[in-house]
Each structure stands twice: as C-alpha cells, then as structure tokens.
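Residue numbers (the numbering used here), protein chains in the order written: chain A, 562 to 719; chain B, 562 to 719.
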C-alpha cells in the first residue's frame, strides 16, 4: 500500500538523520501523483536554523521542485505529528492532506514537547512567556505597508 | 528611543519590499546588544517558498550571523503581529522578546487573515480543514526514530 510505503520512507529518513548526526529524529516527504517529489529531515543543529524542521525543509524542497509557493494536489507524510510552526507552514503551503506516524505524545516522551506552544498560541501576545509587545500599534505608521500593498498594481497574492 | 527606531526599520523594510515586488508587506529585524544583527522581509512569491515570512527569514539570518540555533539575548521587531507559524518559529528560536506594530486585525483588513490557523490549531488533527491523519501510530515502527535518538550518544539537544 503506497501510503504505508511513503510514511515508512519518512520514518527511514528520521532514523538515518540521527545516525548521520544531522539533527533531530524527524523526516518528511511530499508526494504528488503517487510519487515522492521532495524529502526533508530536521537539520536544526547541523545548519544552525531553528526553523529547519523536516516538514519545513520538505515543503521548501517540494515548492522549489514545482516552481510554486503552493502544494495543491500534494500530500505530506511526516514521521511525527507536525509542531505548531509546521502546522502553520502547512496551512500556508496548502497541500491536500497530511499523514503522520508518531504522535505529539510520543514526541514529548522523547523530550520534544511542543504542547507549551499550543498553549502559548491561545494567550494574548502580551502575556506569553516570550512577551510580544505592541509598538506604534493604532498609529498610521503601523499600517502604512498595508496601505502601500492595497494600492500596489503588481502585487502577487498568496 | 531605540525601540521605536527598530520597529520603524521593520516597517520601512515592509514598505520597500512591496515596492520592489519581492513579496508581502512584512519586515522584521533581530536586535542584540542594541544593534540590528539581521533583517528579513516576506519573500514568499519571489522565491516560491511559503515559509519565507519576514520573521522566519530574519531568524534564519540572525542565527547564521551568531552561529547558533538559539537567539538568547535577542529581540525581534516585526512590522506586524507574527502569524502562528512565525510564533512557533519564535518559540523554537527563543529570543528574549518580540515587538510588533500592525496587529493581526490590521493584517486581516489587508486580506492577510491568519485567524483560521489559530482556530485550526485548537482542533484535533483528523478534523482540520487540511486533514492530518495518523498512519502506523501506536506501532513500534512509528517510534523507532525516537528510540534511536534516546540511545544516541552524540546527540545535540535543541
């Protein structure tokens, strides 16, 4: 069954990533028309990039492959349930669906606990553990870029 | 006042980004010890990368600059309230604080509405509008990468 084959590839990438010392135990593949078009692993520590989760790398590689910033008609297979950052990335990339093997609870058991990020997202910016503070908000200056965007004739919506 | 200067730089980057046709009206800077060490703008459409939001680019540039996957001692100034993907990235990068000018409501008014992502994150994976489906979950195979990680002597935690 193809779905199992694709998730097994994501798991294989996750395992080899640890053995090769590239980063955390996470892998992902992007599938289109029944074929893997891109792969990714977690390379946070080997590239000094905290955003380099497996899903983000796989999405970026797939978009490069397709010459598009959208993944319509694609499925993402991830070795583990995507974290909130990666879920956000998935919504911006808009694939048709996502499959994952390990759950966030399995991840927490291996010291990758992202439940606090889910909680933080529910709070107002100012009271998060990393405080997010308004500055110039409500001021005309703050929305000037949006006004320039609205009036821009050549904008590419995304 | 330095804080205002930094947020104004983020807003200036956002405005020039639109004028230069690089992407959406968003800019961000990372500050350490009172100095801007990295900048970023939204380059989603010009680089075919749906993850290339201003904050993500600024975080990646700052980490490259510091040779670290963590932003301890840094502040991020963003022209607009970060979206859930970027908030996730911020939690993984761990800066000391974030400042933003336009709010998510200003962004929605300019057709950048990320409120649906906040809502989606509250739902169980299976019932999201992009369905996220378990496959092999609960199976030993699904947690094999985590077991390899736990036993790995050379792992770099992050």
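Heads up, the beta-carbon is just placed ideally off N, CA and C, and yes, glycines get one too.
Under the Cβ criterion of 8 Å, residue 563 (chain A) is not counted among the residues facing chain B. About 17 Å separates the CB atoms of residue 635 (chain B) and residue 614 (chain B); that is not less than 8 Å, and the two are not in contact.
For residue 714 (chain B), no CB of chain A lies under 8 Å from its own CB, so it is not counted at the interface with that chain.
Nearest to residue 714 (chain A) by C-alpha distance, out of B:582, B:566, B:564 and B:576, is B:582.
Within the segment 595-622 of chain B, the residues whose Cβ lies closer than 7 Å to any Cβ of chain A are, in chain order, 605, 606, 609, 610, 611, 612, 617, 620 and 621. In the DSSP assignment, the residues bridged to residue 638 (chain A) are A:590 and A:660.
In the DSSP assignment, residue 695 (chain A) forms a beta bridge with B:661. The C-alpha of residue 706 (chain B) is placed about 21 Å away from the C-alpha of residue 592 (chain A). With respect to residue 584 (chain B), residue 606 (chain B) sits close: the two C-beta atoms are nearer than 8 Å. Bounds of the beta strand (DSSP E) holding residue 601 (chain B) are 596-602. With a contact defined as Cβ atoms closer than 8 Å, residue 671 (chain B) and residue 710 (chain A) qualify at about 6 Å. Interface residue (Cβ-Cβ distance to chain B less than 8 Å): residue 703 (chain A) is classified as such. Selection B:570, B:571 and B:586 evaluated against residue 712 (chain A) yields B:586 as nearest (Cα-Cα). Bounds of the alpha helix (DSSP H) holding residue 572 (chain A) are 563-580. Under the three-state reduction of DSSP, residue 606 (chain B) is assigned to helix. Take the alpha-carbon of residue 570 (chain B) and the one of residue 655 (chain A): they are about 31 Å apart. Beta-carbon to beta-carbon, residue 642 (chain B) and residue 663 (chain B) are separated by about 7 Å, close enough to satisfy the 8 Å threshold.
The beta carbon of residue 640 (chain A) sits closer than 6 Å to those of 571, 572, 575, 587, 588 and 662, all from its chain and outside the five residues before and after it, given in chain order.
With a contact defined as Cβ atoms closer than 8 Å, residue 660 (chain A) and residue 638 (chain A) qualify at about 5 Å.
Interface with chain A (8 Å Cβ-Cβ cutoff): residue 667 (chain B) is included.
Counting along the chain, residue 686 (chain A) sits inside no alpha helix (DSSP H), nor does DSSP assign it H or E at all. Residue 658 (chain B) is positioned such that its CB atom lies no closer than 8 Å to that of residue 646 (chain A). When DSSP states are grouped into helix, strand and coil, residue 621 (chain B) belongs to the helix group. Contact annotation: residue 651 (chain A) and residue 691 (chain B) have beta-carbon atoms nearer than 8 Å. Membership of residue 647 (chain A) in the alpha helix (DSSP H) is indicated by the continuous run 645-654. Taking a beta-carbon distance threshold of 8 Å, residue 589 (chain A) does not count as an interface residue toward chain B. Short of 6 Å from the beta carbon of residue 681 (chain B), and not among the five residues preceding or following it, lie these beta carbons of its own chain, in chain order: 689.
In the three-state reduction of the DSSP assignment, residue 611 (chain B) falls in the coil class. Within chain A, the residues placing a beta-carbon under 9 Å from that of residue 580 (chain B) are 709 and 713, ordered along the chain.
Residue-level contact by beta carbon holds for residue 585 (chain A) and chain B, with a gap shorter than 8 Å.
Under a criterion of Cβ atoms nearer than 7 Å, no residue of chain B is adjacent to residue 676 (chain A); the nearest Cβ is some 11 Å distant. Selection B:612, B:630 and B:626 evaluated against residue 616 (chain A) yields B:612 as nearest (Cα-Cα).
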